Amino acid sequence: MMSRAERTPLNDWWWTVDRALLAGLGCLMVAGLVFLMGGGPPVAERIGLPTFYFLNRQAAYLVPTIGLIVAVSFLSVRHIRRFALVTWLIGVVLCVLASKFGPEIKGAHRWIQFGSFGLQPSEFVKPAFVVVAAWAFSEGAQRRDMPGGLLAIALLPITIVPLLLQPDFGQTMLITIVWCTLFFVAGLHWFWVAGLGGLGLLGVLAAYTILHHVKERIDRFLDKDSGDSFQVFWSRESFTSGGWFGTGPGEGVAKRHLPDAHTDFIFSVTGEEFGVIVCLCLVALFAFIVMRGLKLARRTDDTFSRLAITGLTTLFGLQACINMAVNTQLMPAKGMTLPFVSYGGSSLISLALGMGFLVALTRKRPRTSTLGQRPPGTTPSAVPGLMQ
80 MMSRAERTPL
90 NDWWWTVDRA
100 LLAGLGCLMV
110 AGLVFLMGGG
120 PPVAERIGLP
130 TFYFLNRQAA
140 YLVPTIGLIV
150 AVSFLSVRHI
160 RRFALVTWLI
170 GVVLCVLASK
180 FGPEIKGAHR
190 WIQFGSFGLQ
200 PSEFVKPAFV
210 VVAAWAFSEG
220 AQRRDMPGGL
230 LAIALLPITI
240 VPLLLQPDFG
250 QTMLITIVWC
260 TLFFVAGLHW
270 FWVAGLGGLG
280 LLGVLAAYTI
290 LHHVKERIDR
300 FLDKDSGDSF
310 QVFWSRESFT
320 SGGWFGTGPG
330 EGVAKRHLPD
340 AHTDFIFSVT
350 GEEFGVIVCL
360 CLVALFAFIV
370 MRGLKLARRT
380 DDTFSRLAIT
390 GLTTLFGLQA
400 CINMAVNTQL
410 MPAKGMTLPF
420 VSYGGSSLIS
430 LALGMGFLVA
440 LTRKRPRTST
450 LGQRPPGTTP
460 SAVPGLMQ
């Protein structure tokens, strides 16, 4: 046990961090390993890899993932802003390079290859963009001489244009929705909310008209007989055969037909082998993390922290919702992972970055005392900080 009386950086971190939030993230990581034991082996065997290749790799990725969450959570608010800005700038540049020189995978150029190691820069752009946009919005709200609102508006096209060039419509939609959420929380009038909603619908219509793969996915979603519905059929079949209690770990059949059973369709594999009840528990776990983050955002008095926490929580929850909606045939296929459950090195490390920001911003920090808050006869240095 760590004593409150001991003043060490680790002790201070432990007693100021939100342990319920950490526990929820830890449960997700463990659940991901358990579910990957079912979804990973069929895919590995199909492409000639060792049976537990993906499981072992995921376990290895979790070591730097946990380390990054803890390391980033030690950062101060000032250092979080700077780190996010540098990460966003590098990520946008890498996204442009990926669209021009990256290998083509499933009709898109989203990856940067460093020898045998592949990196998807858009994954790292997402959490960094949320923090930078929150920073711009907060500065605009607090300083009249700072055009924070205009900077926040300019950040969106600078971020999504490289994604559209790849093309990556799913990540573009995700980032845009989170940006609109930040805009609304920052004080956007309902009139502009309606306007942004209209622009969003026009964007979807334009993507449907211009991007062939987007048109195919939407047509296939609206009419199952309009194209190849192989993944759609087996994803739906997995929940049908699994029922409430599942067929049992390792006994699933649909996973042997789903090409992305270890990534995009891990939720379907979970539904078949562990049942709908376990899937609902997984949904409840995601909901707990999201609600906990929003509750902590409401408690903070700092505008930047409130916006950043809200944006990061929305990003996390929305990505989970999109993945589960695709698996249950409530949305067209997006190619988006289930946070901390799906296999993927870039996905795990980028999630670690975002959750590290979230854990750092939700830590209890001393409030800044004002002259009116100081007892009579005391100096600023003599007043202890009040904990949030």
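In our numbering, the protein residues as written are 80 to 467.
Every residue, glycine too, gets a C-beta built ideally from N, C-alpha and C.
None of these values were measured; they are calculated from a predicted model.
Assigned with DSSP and collapsed to three states, residue 198 falls in strand. Per DSSP, the continuous alpha helix (DSSP H) segment holding residue 388 begins and ends at 382 to 406. Residue 250 sits in a helix when the DSSP states are folded into three classes.
Going by beta carbons, residue 116 and residue 104 fall outside the 7 Å limit. In this structure residue 364 is in contact with residue 107, their Cβ atoms being roughly 6 Å apart against a cut-off of 8 Å. For residue 137, the uninterrupted alpha helix (DSSP H) run begins and ends at 132 to 152, by DSSP. Going by DSSP, residue 191 is part of the beta strand (DSSP E) stretching over 191 to 193.
Straight through space, the alpha carbons of residue 206 and residue 162 are spaced by roughly 11 Å. The beta-bridge partner set that DSSP reports for residue 184 consists of 187. Contact between residue 368 and residue 395 is confirmed by a C-beta separation of about 7 Å, below the 8 Å threshold. Taking 7 Å as the cut-off, the beta carbon of residue 217 is found no closer than this to the beta carbon of residue 439. The segment 349 to 358 makes no contact with the segment 368 to 387; the number of CB pairs closer than 8 Å stays below 3. For residue 265, the three-state secondary structure derived from DSSP is coil. In the DSSP assignment, residue 238 falls within the unbroken alpha helix (DSSP H) covering 227 to 244. Short of 7 Å from the beta carbon of residue 222, and not among the five residues preceding or following it, lies no beta carbon of its own chain. Residue 255 holds the alpha-carbon nearest to the alpha-carbon of residue 240 among 430, 230, 255.
For residue 95, the enclosing alpha helix (DSSP H) has its first and last residue at 88 to 95. The beta carbon of residue 164 sits closer than 6 Å to those of 211, all from its chain and outside the five residues before and after it, given in chain order. Under the three-pair Cβ rule at 8 Å, the segment 123 to 142 does not count as touching the segment 183 to 193. Restricting attention to 213, 264, 225, 177, the CA atom closest to the CA of residue 202 is found in 177. Around the beta-carbon of residue 245, 16 or more other beta-carbon atoms lie within 10 Å, marking it buried. Secondary structure at residue 158: helix, using DSSP grouped into helix, strand and coil.
Spatial neighbours of residue 322 in its own chain (CB-CB distance under 8 Å, excluding positions within 5 residues in sequence) are listed in chain order as 354, 355.
Residue state for residue 371 is assigned as helix, using DSSP reduced to three classes.
For residue 442, the secondary structure class from DSSP, reduced to helix, strand or coil, is coil.
By a beta-carbon distance limit of 8 Å, residue 100 contacts residue 441. Their separation comes to about 6 Å.
With distances taken between CA atoms, residue 137 lies nearest to 112 out of 169, 155, 112. Here residue 383 really is in contact with residue 214; their C-beta atoms are around 6 Å apart, less than 8 Å. The continuous alpha helix (DSSP H) containing residue 124 extends over residues 98 to 125. Residue 413 is positioned such that its CB atom lies no closer than 7 Å to that of residue 121. Inclusion of residue 173 and residue 191 in the CB contact set at 7 Å is warranted, their separation being smaller than that value. CA-CA distance, residue 233 to residue 320, rounds to 48 Å.
CA-CA distance, residue 324 to residue 314, rounds to 17 Å. Counting every other CB atom within 10 Å of its CB across the protein chains shown gives residue 417 a total of 16 or more, marking it as buried. Of the candidates 273, 258, 179, the residue whose Cα lies closest to the Cα of residue 386 is 258.
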